[in-house]
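Everything on this sheet refers to the single structure shown next.
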Amino acid sequence: ITTVREIRSLGGAPAKIPVHLRGHISYNDAPLNLVIFEDATGGVRIENAAAAGRVVVGQAVDLLGVVAGSGYQPSIIAQQIKAIPSFPAAAPLKVSLNDLGSADLQYRRVEVSGVVRSAELDRSGTLGMVLHSQNRDVRVRIRESVGDYRAYVDAEITARGVLSTSRDAEDQPRQPKLWVETVSEIA
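Using our numbering, the first residue of the sequence shown is number 947, and each one after it goes up by one.
As structure tokens, this is what we get:
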């Protein structure tokens, strides 16, 4: 398998199918064990964050591993992640909050706009916001701590980050989250 699209298309196929992917690390939060890889066809979660080592967000990589999950929430167990000479990463997809339940956007870099309804620091010092638009909310998590985060409340912003959306028992999208690397991804 050489693309994320192929991993998604496996459906309920057995795991442990070998993959060799080329793309970019689009999010890396080692303390949360959350590393996202994206190629031109989609995004996938890397289950063993330690394999990413010192690879930074935006870095082009060559990834060897096996499929751990397919379908809506694809994941891989990386055996090797190697930095390679850079090539352009895809620009974030501009989407509305109403689009966030789309399976095609799971683990993709997206750009959404809306009004910040709340902002607070969690116990780890990570900034969390609720972004509201079109009668929908998305939770935004920003790894980088900032100064006066309260200034964001009631401000209209555009945020760029990796989307993840959970599904309920009836396979309906719930609780979309946008994982933002730094405050520089907020405009």
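Virtual Cβ for every residue (Gly too), placed ideally from N, Cα, C.
Query: Tell me whether phenylalanine 1033 is buried or exposed, calling it buried when 16 or more other Cβ atoms sit within 10 Å of its Cβ.; Result: exposed
Query: Specify, as a first and last residue, the run of the beta strand (DSSP E) that valine 1056 falls within.; Result: 1055-1067
Query: On a CA-only basis, which of Glu1116, Glu1057, Ser1064, Leu1009 is nearest asparagine 1044? Give me that one, please.; Result: Glu1057
Query: In the DSSP assignment, what residue or residues form a beta bridge with lysine 1028?; Result: Asp1008
Query: Apart from the five residues on each side of it in sequence, which residues of its chain come closer than 8 Å, Cβ to Cβ, to threonine 1072?; Result: Arg1087, Ile1088, Arg1089, Ser1091
Query: Report the start-end ranges of each beta strand (DSSP E) in the segment 1097-1127 that is 3 residues or longer and not cut off at the edges.; Result: 1102-1113, 1119-1126
Query: Counting Cβ pairs closer than 8 Å, one from the segment 968-985 and one from the segment 1107-1123, do we hit at least three?; Result: yes
Query: Which residue marks the beginning of the beta strand (DSSP E) containing valine 1076, and which one marks its end?; Result: 1073-1079
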